[in-house]
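Since the structure comes first, as structure tokens, the remarks are kept for the end.
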Amino acid sequence: MALHLHRAERTDLLADGLAALLSDPLPDPFAAELVLVPAKGVERWLSQRLSNHLGVCAAVEFRNPRSLIAELTGTADDDPWSPDAMVWPLLAVIDESLDEPWCATLATHLGHFETGEEYELRQGRRYAVARRLAGLFASYARQRPQLLVDWAGLPDDLAWQKPLWEALCERMAADPPHIRHAKTLARLHESPSDLPERLSLFGHTRLPVTEVELLTALSAHHDLHLWLPHPSDELWHTLATHKGPLPRRADTGHRDVGHPLLATLGRDLRELQRLLPEPDTDEFRGRTDYPDTLLGWLQSDIAADAVRPRGRRHRSEDRSIQVHSCHGPSRQIDVLREVLLGLLADDPTLEPRDILVMCPDIETYAPLITAGFGLGDVVHGAHPAHKLRVRLADRALVQTNPLLSVAAQLLALAGGRATASEVLNLAESAPVRARFGFTDDDLDAITAWTREANIRWGFDQQHRRPYGVEFLHNTWRFGIDRVLAGVAMSDDSHAWLGATLPLDDVSSNRVELAGRFAEFVERLRVTVEQLGGTRPLHEWLDALTAGIDALAAADEEWPAAQLQREFAEITARAGDTRTALRLADVRALLDRHLAGRPTRANFRTGTLTVCTMVPMRSVPHRVVCLVGLDDGVFPRLGAVDGDDALARDPMTGERDIRSEDRQLLLDAICAATQTLVITYTGANEYSGQARPPAVPLAELIDTLKLTTEDPELDVVTRHPLQPFDKRNVIPGALVPDEPFTFDRTALIAAQAGSGERARRPAFFSDPLPPPLPEDVALEDLLNFFKDPVKGFFRALEYTLPWDVDGVSDVMPVDIDALEEWTVGDRMLSDILRGMTPADAQQAEWRRGTLPPGHLGWRRAINLRDQCALLATEALAFRDTDSAAYDVDVDLGNGRRLTGTVSPVFGDRLVSVTYSKLGGKHLLQSWIPLLALAAGYPDRDWLAVCIGRPPRGTTPRIEGLGSPADPVDLLADLVAIYDAGRREPLPLPVKTSFAWASARHTGDDPEQAAGFRWRSGRYPGEDAEPAHVRAWGRDAWLRDLMQPLRPGEEFEGETHRLGAYSSRLWLPLLRAERPVR
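Here's what the structure looks like:
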């Protein structure tokens, strides 16, 4: 038997050779061929390739090298020295050895000598540290087993590893891995194993020294075929004399390399060649069919291990290598789909299955890819790329299994403060919605309750205690009690139960929802309480499973089955360990176990495949796309583990993740048969600041300049920030002779954006037709004059932009001016309804709006005192019982004003507000006063308006007397009301009041109105959404000073703003009179 080496530049050539080998069957017709592959994606591709050659791929068993080694060493069912199994006895050894002198370094790191919070924090590292050390010991055994024998060259600061390993070996019943490895080698040299007599190892670019030794020993009694993708036969023969491992710092093999990419990207292959024994046969399957393109030239030079630019002139239509510089990940996906559509349009024979998309960080790009492709059945008339079906591979289980996603959320909640947004996010997840029957409307109501009840974080006082906060306010218990109390009582009942004030927003048809919401929060609280303390692993998993069952339900059976399977696998690896774990330990365990892993079913399904760079890196595709090769992301940051003895002085052949990523790029370059597409972030998406490409990508770009006779060759396409930039639609601007984008929406937007910039037309060029002359309700008139511009949009049922009230996770320590007004106005209303100031203060404190503790209590006292002053003044004028007066005023022309004025105290209307008294409040008393004066002209009516002063605390009191001509004034207000429903009138409340006030006092009206209109340090009325919609953003006051129209004239005014302001406000200002 022998070791047979087969080399080729591409794996498709190797697959063809393997097919030829398998076409010669084994002597035993029932014997299976054994083929070892590095990844699931390679397995699926290879089985399809063999089927094309053999008719059917049968009796071929695909396995990875680890499973073969496990079979050879007798650990196929259970390997006690695998890192996931080793971690448990190692954790027990560490716990037992913390008081040993040699373990002082490890004990200090784990907080063994600390107390209090620092102790708990550091103890939470136990599993993570033990798992990392188990990984290091397994790495030693796999890559440098001699270190576990003599520990030669171990640095002094790592001396604790030797006694720790010895203590672990004493605890384990099985032979240590280095001894087991030596016994296995001896057995394989002595006699054949039970494996088939012919084995193939396909597609590997890196093998550790122990696996090479095992394979060499296996070849003593078996035919072992090593199918090795190697880009250059010339380089192989050049380095043929470089044999045997040596310190990496002493390796000078790169100096003998002729091609720069082989020197910078091909270290893994060079070091593998060093480790491989001399084969009995060495076959190279070469190729000469390099296309006459830039990609073909590059691959040809790599194969020749030389740079040969002579006679090569790059053609503009040659797009075989494309490098796209974009503004961030989202823009990279935009560019990718345009590139793919262009390639599919240019070549009718190209199909999605011929395209492979790889990215280093699949989790970052997965949601962007999902949003950018494959939605053709959902989004009609959208981007053409949505017609392409995409299959994502290598996703983490928490991203694909909804129940495992809930498990991750529960573990995060258990270790956190249970903020309002975290709990609501959990409630919005599909499994929780299914369990509790939450609909979209239900979730909107729950969010509103959470906001109105002022829930911020923490389940109750006990849950908050570790954070040094023991206030009940703003906890989930506080808020849920308010919701449930609101089912039985209203806020108007002026009563509370202990610290609970009923929530006034729970309608009768939401009673059942309130119960489900309370049950959800209680189950979550119980689950989080169970996920605390220290306990063995099986109890943690039982508590987590119980919590998931209580809170979540899946529509299908597979998520629950997979969850049980994963948890059972974790339990099986841990054995019967009783080692106590903390929450941080369990989180670290599950994070590692549920990380992304490739599955065979996700690859080569006929759709566009998107995966990480490991599974499919060396599989040939007509188009290979590498997305996200950003500086700082690729290659992965190779921070040296300070506890890794191998990293202190690495040997050739030992794993280096940065070298591994560079090899991935070289494999991808060689795997592209027609086009290589690379995207990266070349500019900051916010600032536009240029960013360099990743270093390996920069080396590729530099090498391409050497590949042709044109040293100024630039294959980088620098894309604009926006997909609707005109460069995307102009032929030849980004790609030769044609537009870059296929998106018709981008074309429309680019045409609009590049057209002549004209002044924005007026929102209304002509008024709407006049409304029918019908009667006017007093209430409608009052609502309109609260804000005449908004009144126009309200009449049209036009929805204006508004600020969405979100849920806050921050406990209030202060309140802003708007919140202060809300609290003050509510407290003032409570006092006027009969509550004492002290009770009003107590009620407001129980709402949770104010800061907790003494800080909020002091603020409540200040607000209470101000409200008490206002209420005292109001009650002094409300010295009689209130009455209501129906009014029915004939306005002429067959129209009437009808309504009810209430409350009226004797001959007085008494209004009070917590706001600083202004024109808006005066107007809301002026209109009812006019209605009373017109309906009951025989009485002397008076309106008293009370509010806060501009400065100080003494209430401001203004009086309005009855005018001589109330009917005429009401008719004019109705005329303004009619005009305001036809178009937005230049009548912003504060600005128009300032204009009229200045006109009334003889001051400059334009200057006074300008202060109110234009934004400065504080937003002015020009920033109001209704005003922006009517007159545009950043409109000037002069935009409101429009020419007068027939019938709008007013004495002394030359434009509409002045005329309408004077018509509305001057009669009111002239009616002011003292009340005392």
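Residues in the sequence shown are numbered consecutively from 1, following the UniProt record's numbering. The beta carbon of each residue, even a glycine, is placed where N, CA and C say it ideally should be.
Around the beta carbon of PHE764, fewer than 16 other beta carbons lie within 10 angstroms, which makes this residue exposed. Boundaries of the beta strand (DSSP E) harbouring GLU61: 60-63, taken from the DSSP string. In the three-state DSSP reduction, TYR914 falls in the strand class (E or B). Beta-bridge pairing by DSSP links VAL901 to TYR885.
Only residues of its own chain outside the window of five on either side were considered, and among them PRO402, LEU403, VAL406, ALA552, ALA553, ALA554 have a CB closer than 7 Å to the CB of PRO431, listed in chain order. When the five nearest sequence neighbours on each side are left out, the beta carbons in the same chain lying within less than 8 Å of the beta carbon of CYS670 are those of GLU9, ARG10, PRO229, PRO231, GLN299, ILE302, SER618, in order along the chain. Cβ neighbours of ARG896 within its own chain (closer than 8 Å, five residues either side excluded): ASP775, VAL776, ASP888, VAL889, ASP890. DSSP, reduced to helix, strand and coil, places TRP236 within a helical segment of the structure shown. Taking a contact as a CB-CB distance under 8 Å, the pair HIS225 and LEU199 counts as one, their CB atoms being some 7 Å apart. When only Cα atoms are considered, MET489 and GLY1020 end up about 41 Å apart. Distance check between ALA2 and each of ASP223, ARG523, GLY55, LEU201 places ASP223 closest, using alpha-carbon atoms only. 8 Å or more divides the Cβ of LEU583 from the Cβ of LEU397. Within the same chain, Cβ atoms closer than 7 Å to the Cβ of TYR119 are found at GLY111, the five residues on either side in sequence being excluded. The continuous stretches of beta strand (DSSP E) do not include LEU413, which lies in the alpha helix (DSSP H) extending over residues 402-414. Bounds of the alpha helix (DSSP H) holding TRP1013 are 1005-1013.
Counting along the chain, ALA8 sits inside the beta strand (DSSP E) bounded by residues 3-8. Of ARG1017, TRP995, GLY1002, GLY1016, the smallest CA-CA separation from ALA1008 is found for TRP995. Following the DSSP letters along the chain, one finds PHE793 in no beta strand (DSSP E) but inside the alpha helix (DSSP H) bounded by residues 788-795. If only uninterrupted alpha helix (DSSP H) runs of at least 4 residues are considered, those enclosed by the segment 86-132 are 104-109, 116-123. When the five nearest sequence neighbours on each side are left out, the beta carbons in the same chain lying within less than 8 Å of the beta carbon of PRO770 are those of ASP978, ARG982, in order along the chain.
Only buried fits TRP88, as 16 or more other CB atoms lie within 10 angstroms of its CB.
The alpha carbon of TRP1065 has as its nearest neighbour, out of ARG999, HIS1055, ARG573, ASP667, the alpha carbon of ARG999. Following the DSSP letters along the chain, one finds TRP227 inside the beta strand (DSSP E) bounded by residues 223-229. Our two residues, ALA698 and PHE438, have alpha carbons roughly 52 Å apart in a direct line. For GLY906, no alpha helix (DSSP H) segment is defined, and its DSSP state is neither H nor E.
When rounded, the separation of the alpha-carbon atoms in GLN462 and ALA546 is 22 Å. PHE471 and ARG878 have their C-alpha atoms some 40 Å from each other.
The C-alpha of GLU844 lies about 14 Å from the C-alpha of GLY479. If you draw a 10 Å sphere on the C-beta of GLN143, you find 16 or more other C-beta atoms in it, and that means buried. Listed in chain order, the non-local C-beta contacts of ASP305 below 8 Å within the same chain comprise SER232, GLU234, LEU235, THR238, VAL257, GLY258, HIS259, LEU262, local neighbours out to five positions each way being set aside. If you check the CB distance, LEU704 and LEU50 do not come in under 8 Å. MET358 sits in a strand when the DSSP states are folded into three classes. GLN332 is positioned such that its CB atom lies closer than 8 Å to that of GLY628. The Cβ-Cβ distance between LEU1044 and SER992 does not fall below 8 Å. ALA588 sits close to ALA128, with the two beta carbons spaced by under 8 Å.
Between LEU721 and ARG727 the beta-carbon gap is near 11 Å, outside 8 Å, which marks them as no contact.
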